[in-house]
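Here the structure comes first, spelled out in structure tokens, and everything after it is commentary.
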Amino acid sequence: MRYVDEFRDPELIIKASEEIYRLADPDRHYRIMEVCGGHTHAIYRFGLKDILPSNIELIHGPGCPVCVLPMGRIDDGLTVATNFDVIFAAFGDMMRVPGTQGSPFEHKARGTDVRIVYSPADALQIARKNPEKHVMFFAIGFETTAPSTALTLMRAKSEGITNFSVFCNHVTIVPAIRAILDSPDMRLDAFIGPGHVSTVIGCRPYEWIARSEGKPVVTSGFEPLDLLQSLVMLLRQLRAGEARVENQYKRVVPWEGNRAALKAMAEIFQLRPYFEWRGLGFISQSALRIRDEYAEWDAEQRFPIPGTRVTDPKAAQCGEVLKGVLKPAQCKLFGKECTPEHPIGALMVSTEGSCAAYYNYEHRKAAMVTSISSVA
Amino acid sequence: MCLAIPGRIVGLVPGETHLGTVEVAGVRRKVDLGLLLEEMPVVGDWVLIHVGFAMTKISEQDALEQMHLLQMLGETEQAMQEVRGYGFEETGEQSSGNPQPN
Numbered sequence: 119m120r121y122v123d124e125f126r127d128p129e130l131i132i133k134a135s136e137e138i139y140r141l142a143d144p145d146r147h148y149r150i151m152e153v154c155g156g157h158t159h160a161i162y163r164f165g166l167k168d169i170l171p172s173n174i175e176l177i178h179g180p181g182c183p184v185c186v187l188p189m190g191r192i193d194d195g196l197t198v199a200t201n202f203d204v205i206f207a208a209f210g211d212m213m214r215v216p217g218t219q220g221s222p223f224e225h226k227a228r229g230t231d232v233r234i235v236y237s238p239a240d241a242l243q244i245a246r247k248n249p250e251k252h253v254m255f256f257a258i259g260f261e262t263t264a265p266s267t268a269l270t271l272m273r274a275k276s277e278g279i280t281n282f283s284v285f286c287n288h289v290t291i292v293p294a295i296r297a298i299l300d301s302p303d304m305r306l307d308a309f310i311g312p313g314h315v316s317t318v319i320g321c322r323p324y325e326w327i328a329r330s331e332g333k334p335v336v337t338s339g340f341e342p343l344d345l346l347q348s349l350v351m352l353l354r355q356l357r358a359g360e361a362r363v364e365n366q367y368k369r370v371v372p373w374e375g376n377r378a379a380l381k382a383m384a385e386i387f388q389l390r391p392y393f394e395w396r397g398l399g400f401i402s403q404s405a406l407r408i409r410d411e412y413a414e415w416d417a418e419q420r421f422p423i424p425g426t427r428v429t430d431p432k433a434a435q436c437g438e439v440l441k442g443v444l445k446p447a448q449c450k451l452f453g454k455e456c457t458p459e460h461p462i463g464a465l466m467v468s469t470e471g472s473c474a475a476y477y478n479y480e481h482r483k484a485a486m487v488t489s490i491s492s493v494a
Numbered sequence: 614m615c616l617a618i619p620g621r622i623v624g625l626v627p628g629e630t631h632l633g634t635v636e637v638a639g640v641r642r643k644v645d646l647g648l649l650l651e652e653m654p655v656v657g658d659w660v661l662i663h664v665g666f667a668m669t670k671i672s673e674q675d676a677l678e679q680m681h682l683l684q685m686l687g688e689t690e691q692a693m694q695e696v697r698g699y700g701f702e703e704t705g706e707q708s709s710g711n712p713q714p715n
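As they're listed, the protein sequences go chains U and E.
Numbering-wise (our numbering), the first sequence opens with residue 119 and increments by one.
Numbering-wise (our numbering), the second sequence opens with residue 614 and increments by one.
And the structure:
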């Protein structure tokens with residue numbers, strides 16, 4: 119158990135692990151999806167696979183916002199910024215994501231005004247300080263981030279700041295889970311529900327997964343003990359033949375979510391009829407657009423958007439990895455053409471992407487073992 | 614970007630009801646409190662911060678555990694870089710830790 123020593127409470131970790139061994143039916147193979155990219159990162163970092171029975175397979179879900187953004191949207195945002203002399207502001211995670219004409223960083227090197235911001239409110243601040251320029255915030259993220267964009271737009275409107283707009287790529291997690299469950303090549307037993315998305319939407323939106331699909335969901339924290347306890351809760355339900363939504367992360371996630379955040383989102387956004395997800399295709403009612411009352415701050419209404427559609431390189435199997443059908447290392451490009459230093463797909467760019475997480479922990483570890491044994 | 618950063622409210626900004634000063638591992642920055650309108654924090658409360666907005670109130674114990682988690686994930690430096698990067702201090706009253714001319 120590689121990292122147990124640095125865990126806060128090693129004894130509890132061992133206890134939880136033993137309980138998982140006790141609950142898991144050795145004749146059954148469990149496929150449990152962790153929806154959130156933060157969980158994927160933590161699972162690899164802590165080497166949790168090493169302390170779980172081999173018949174528990176953790177499948178990495180679609181909850182990494184950078185990873186599910188289609189390349190065409192990046193191209194569209196950068197085209198607007200370049201053609202209209204607009205300041206392109208985005209989170210650092212976006213900067214190395216490749217578009218067909220290069221990443222935001224590569225556009226910056228070619229002269230487009232690209233800025234890293236840590237908050238949508240910082241993008242608004244750039245607009246305040248540069249009244250002669252237009253600032254476009256390239257917004258990504260699930261319901262964790264969307265309320266912050268919403269509040270920023272409300273501040274822009276109330277202050278009358280009109281040299282600011284949002285290119286909205288916010289997506290919602292539940293329709294993506296539905297798309298995965300509807301996928302014919304997918305078999306899952308249960309879900310580890312996202313932690314921070316749930317602080318906003320609460321636990322109720324997952325109830326249909328238990329009720330209609332008969333699959334347990336446990337909303338989980340991010341620490342090793344949280345994840346192990348969530349697995350214990352899921353296995354208890356599976357063993358008893360039950361399917362309910364439970365909240366392991368009660369200390370942070372209220373069952374009903376955050377009403378102020380939901381209200382801000384409802385005021386600013388409405389559901390798009392459909393939206394393209396990288397690897398998953400078009401999913402109906404799965405993304406947010408800015409309401410017409412805020413058209414002046416909506417980059418898609420202010421600027422002509424090319425509507426670029428890009429097919430991922432044929433050899434890259436991002437879609438299959440994203441759906442959990444393939445493991446990262448089973449993709450033909452993994453670790454060869456596609457590495458964190460030279461990513462081809464977005465799953466290799468973000469630390470929350472399953473390919474980058476797998477590469478940084480499992481692949482490097484395996485490479486090290488190989489080189490040590492070849493020296494020996 | 615999914616992981617949240619724990620901080621303690623050390624000041625509320627007069628005249629700017631939606632802004633508060635938080636301290637994260639000794640660094641002070643303004644954050645937006647607009648998502649906590651239904652349970653406004655007071656000085657001394659701990660909050661989880663995501664992209665410059667306080668998302669939820671947490672206990673001191675949970676704040677310490679969250680910081681430990683970031684450390685274990687090797688993301689402390691990234692988190693501090695994010696906190697230092699928030700440009701809010703220029704919007705309202707100056708942060709006591711890092712005064713800036715308006």
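Beta carbons: idealized from backbone N, C-alpha and C, even for Gly.
Predicted, not measured: the structure shown is a model, and the values here were computed from it.
Contacts of residue i in chain E (Cβ-Cβ under 9 Å)
i      : result
G278/U : Here the premise fails: no neighbours, minimum Cβ distance about 15 Å.
H159/U : C615, L616, L686 and E688
Min CB distance residue i to chain E below 9 Å
i      : result
E152/U : no
A379/U : yes
N201/U : no
G164/U : Note on residue identity: the sequence assigns Phe, not Gly, to residue 164/U. Chain E, which has a Cβ nearer than 9 Å to the Cβ of F164/U, makes this yes.
Y121/U : In this predicted model, Y121/U has a pLDDT of only 48, less than 50, meaning its place in the structure is not dependable enough to derive any value.
I244/U : yes
A494/U : Note that A494/U scores 46 on pLDDT, short of 50, meaning its location in the model is unreliable and no value can be drawn from it.
T337/U : no
A134/U : no
A294/U : no
K399/U : Note that residue 399/U is Gly in the sequence shown, not Lys. Not one chain E Cβ lies under 9 Å of G399/U.
G453/U : no
P372/U : yes
R420/U : no
H481/U : no
A382/U : yes
F387/U : no
T290/U : no
G442/U : no
Whole-angstrom distance between residue j and residue i, CA atom to CA atom
i      : j      : result
P422/U : M383/U : 25 Å
I291/U : D231/U : 31 Å
I174/U : I671/E : 32 Å
M693/E : V186/U : 26 Å
E459/U : L683/E : 23 Å
A378/U : I386/U : 13 Å
E411/U : L451/U : 45 Å
G624/E : R641/E : 10 Å
T426/U : T457/U : 25 Å
Q707/E : A638/E : Low per-residue confidence applies at Q707/E: pLDDT is 38, beneath 50, and the placement is therefore not dependable enough to give any value.
V253/U : G155/U : 29 Å
T280/U : E418/U : 15 Å
In DSSP terms, what residue i is bridged to
i      : result
D514/U : The question about residue 514/U has no answer, for chain U in this structure spans 119 to 494.
D307/U : D307/U pairs with nothing; no bridge assigned.
P619/E : L661/E
G633/E : L625/E and V644/E
E360/U : DSSP, once it has assigned bridges, lists no residue as partnering E360/U.
Y148/U : I174/U
G399/U : W395/U
For residue i, the first and last residue of its enclosing beta strand (DSSP E)
i      : result
E325/U : Segment E325 to R329 is the alpha helix (DSSP H) holding E325/U; no beta strand (DSSP E) there.
C286/U : F282 to C286
L389/U : F387 to L389
Proximity test, Cβ basis, 9 Å: residue i and chain U
i      : result
L625/E : no
D658/E : no
M693/E : no
V696/E : yes
G633/E : no
Y700/E : Checking the sequence, you will find Gly at residue 700/E rather than Tyr. Closer than 9 Å: yes.
Residue range of the unbroken alpha helix (DSSP H) whose run includes residue i
i      : result
E695/E : T689 to G698
N201/U : M189 to N201
M466/U : It is not in any alpha helix (DSSP H) - M466/U carries neither H nor E in the DSSP assignment.
P265/U : A264 to E277
G156/U : G155 to R163
P180/U : No alpha helix (DSSP H) holds P180/U; the beta strand (DSSP E) holding it covers I174 to G181.
T317/U : H314 to I319
Cross-chain neighbours of residue i in chain U, by beta carbon under 7 Å
i      : result
D645/E : A239 and L269
V664/E : Y236, S237, P238, T263 and S266
A617/E : H314
E651/E : R377 and A378
Listed by chain order, chain E residues near residue i by CB distance under 8 Å
i      : result
R369/U : I671, S672 and D675
Interface partners of residue i on chain E, CB under 7 Å
i      : result
T317/U : M668 and T669
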